[in-house]
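In terms of my numbering, the sequence shown opens at residue 7 and continues consecutively.
Everything below concerns the one structure shown next.
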Amino acid sequence: MIPTVFGHPASAVLALSFSDLSERHVVIALAVSTLLFAAAIFVIWRVRRAVLEWIDRQTLAWTRRIESYRLRRVGLTRIRQAARILVRLVGGAALFAAGIVWLTFVLELFAATREWGDQLAETILREFASVARSAVAAVPGIGVVAALFFVVRIIHELLNHYFVAIEEGEVKSEVFDEVTAEITRRLAGVGLWLAALIIAYPYIPGSDSAAFKGISLLAGLMVSLGSTNLVGQLVNGLMIIYSHAVRPGDFIETGQIEGTIERLGLFSCSLRTAQEELVVLPNSTLAAGLKNFSRPREGKAACLVTAVTIGYDAPWRQVHQLLLAAAGEVTAIRSEPAPFVRQAALDDFYVKYELVFAPGDPAQRRVLLSALHAAIQDRFHAAGVQIMSPHYLGDPLVPKIPPAP
C-alpha cells in the first residue's frame, strides 16, 4: 500500500507534483515546510556551535600537553583555525542545501511558479553534477599541487630553522654570518616557492584558460616594466651584503651623509644620524662608495684626523707637544693606539700639522672633534702660539691670542 499525504500518493508529493492540492492543503504544506526549514536551520546552527566548542576544548587539552611554545602558538592555532573553517563551510553548505530544498518545494506548491521550481531543481542538479565532474577531473592535478606544496613546505621549514639557528648563534657557519643568514633565508624562501609555482603551474586547475593566461601575461608585463631599476638595486644590495662591506651597527659615511646603519636590506638601508634623523638610502648609493669607521683590521683602530696650520716661527716640537696634550684632555680619544702628529705640508707661510687619533666611539665623532678643537685652542693660546688659519697675511703688532679665562 502506497502512503498518502493529504489524500495523495507520497510519491507524487515527493516528485513535487502538487497540481491537485487545494488551497487549504497548499497553505498547510507551506506552513509545515517553513517550520521544517526553520527547525533545520536551528539544528544546523546548534550542531555547528557544538562542534566548534568541541574543537576549542580539544585544542585547549592538546595545548596543555605540549611543552613547545612555538608548536602551541603556531601549530595548534593553525589546526584549530583550519578545523573551524571546515566546520563553517560544511554548515554553510548544509544551510544552502536546506534552503534550496525548501525554496524548490515552495515554488512547486503554486501553479504560477511550478515551472520555476522545476527549472531551479534541474539547474542546481545540473550545475552540481558539472562541478562534481570538474572536481573529479581536477583531483590528479590538485593531488600533485598538494604533494608539491607539502614537500616544499617541509623544505622551507628546514631552511628556516637552519638559517635562524645561524642568526641566533646556535650554529656556526664558515659561509654565512648573522646578516647574510637572514638575507639568504629570505632569498631561499622566495626562490623555493617560485620554483614550486613554476613546477605546479601546469597542474593547477584552469591554468590553460584564457583568463589565467591573461593574468600571467599582465603580471609578466608589469614585472618587465618595473624590473630595470629593481634588479639594479637588488644586485647592489647583494654585492654589499655578501661582500661584508657593512653590517647593522656600523658607523659609515657616504657622500654628505654619515650615521649608524640600523637596517640593511636587499634594496635599501636605513641610517641614524647624530641628529637622530632616520635616512633611507638606496643600495646604489652605498655601492658608489662609502667609508666604514667600524670595521678596522684586526688589532687596528679606525682613526680620525684634524689639522691646524702654524707659522714657521713656532718650533715644530712644541706644536707636536701641544697637540698631543690637547688630545690627552679628551677622554673620548683612545689611549691605544696612541695619538700622533704628522706634518702634512710645508706651505708658503705655515706648516700644516695633522693630529691622528682613534675615537672611542666613531658615531660620536662630531662631538669628539668639537671637544678636541676646544682643547687645542686652549693649549695653543696658553702657550702663546698663534694658529695661522686660514691665510697668513703678515705679522701683526699684537699677537692674535685671546686673553686667558
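Built from N, CA and C at the ideal position, the CB exists for glycine as well.
None of the values given here were measured: they were computed from a predicted structure.
> Hey, T266 and A369: beta-carbon distance below 7 Å or not?
Replying inline: yes
> Under a three-way DSSP split, which group does R348 fall into?
Replying inline: strand
> So, helix, strand or coil for V391, using DSSP?
Replying inline: Assigned with DSSP and collapsed to three states, V391 falls in coil, not helix or strand.
> Between which two residues does the alpha helix (DSSP H) carrying E184 extend?
Replying inline: Element bounds for E184: 184 to 206.
>> Distance check for V252 and S418, CA to CA, integer angstroms please.
In response: Nothing in the structure corresponds to residue 418, since the chain is present only between 7 and 411.
>> If contacts are defined as beta-carbon pairs under 8 Å, then V311 and V362 qualify, I think. What distance do you get, rounded to the angstrom?
In response: 5 Å
> Is it the case that the Cβ atoms of T260 and L284 are separated by a distance below 7 Å?
Replying inline: no
>> Please classify T10 as buried or exposed, where buried requires at least 16 neighbouring CB atoms within 10 angstroms.
In response: With a pLDDT of 44 at T10, under the threshold of 50, the predicted position of this residue should be treated as unreliable, though the coordinate-derived value follows. The Cβ neighbour count for T10, taken over all protein chains shown within 10 Å, is under 16; the residue is labelled exposed.
> In terms of DSSP beta bridges, what is R269 paired with?
Replying inline: S276
> Counting only beta-carbon atoms, is A152 nearer than 7 Å to chain D?
Replying inline: Of the chains in the structure shown, none is chain D; there is only one protein chain.
> Hey, A97 and I50 are a contact pair by Cβ (cut 8 Å); roughly how many whole angstroms apart?
Replying inline: Here residue 97 is Gly; the residue named in the question, Ala, does not match the sequence. The C-beta distance from G97 to I50 rounds to 6 Å, short enough to fall under 8 Å.
> Could you give the C-beta distance for A364 and A308, rounded to a whole number, given that I count them as a contact under 8 Å?
Replying inline: 7 Å
> Since E360 sits in a beta bridge, which residues does DSSP pair it with?
Replying inline: A313, R348
>> Just to confirm, is the Cβ distance from L126 to T110 under 7 Å?
In response: yes
>> So E282 and S276 are supposed to be a Cβ contact under 8 Å. How far apart are they, rounded?
In response: Actually they are not in contact, since the Cβ atoms of E282 and S276 sit about 13 Å apart, beyond 8 Å.
>> Looking at the secondary structure, which residues open and close the alpha helix (DSSP H) in which T291 lies?
In response: 289 to 293
> Where do the ends of the alpha helix (DSSP H) carrying E335 lie?
Replying inline: 322 to 335
> Does the beta-carbon of E114 have 16 or more other beta-carbons within 10 angstroms, so that it is buried, or is it exposed?
Replying inline: buried
> Going by the beta-carbon positions, is the gap between Y209 and G147 smaller than 7 Å?
Replying inline: Against a cut-off of 7 Å, the Cβ pair of G147 and Y209 comes out as a contact.
> Mapping DSSP to helix, strand and coil, what is V1?
Replying inline: Since the displayed the chain opens at 7 and closes at 411, residue 1 lies outside it and no answer follows.
> Just to confirm, are L165 and A187 a CB contact at a threshold of 7 Å?
Replying inline: no
>> Going by the DSSP bridge assignment, what does N298 pair with across the sheet?
In response: I258
> Based on Cα-Cα distance, which residue from G295, G243, E173 lies nearest to E264?
Replying inline: G295
> Is it buried or exposed for P5, if we count other Cβ within 10 angstroms and need 16 for buried?
Replying inline: Residue 5 is absent from the model: the chain starts at 7 and stops at 411.
>> Within 10 Å of its beta-carbon, does L378 have 16 or more other beta-carbons around it, so buried, or fewer, so exposed?
In response: buried
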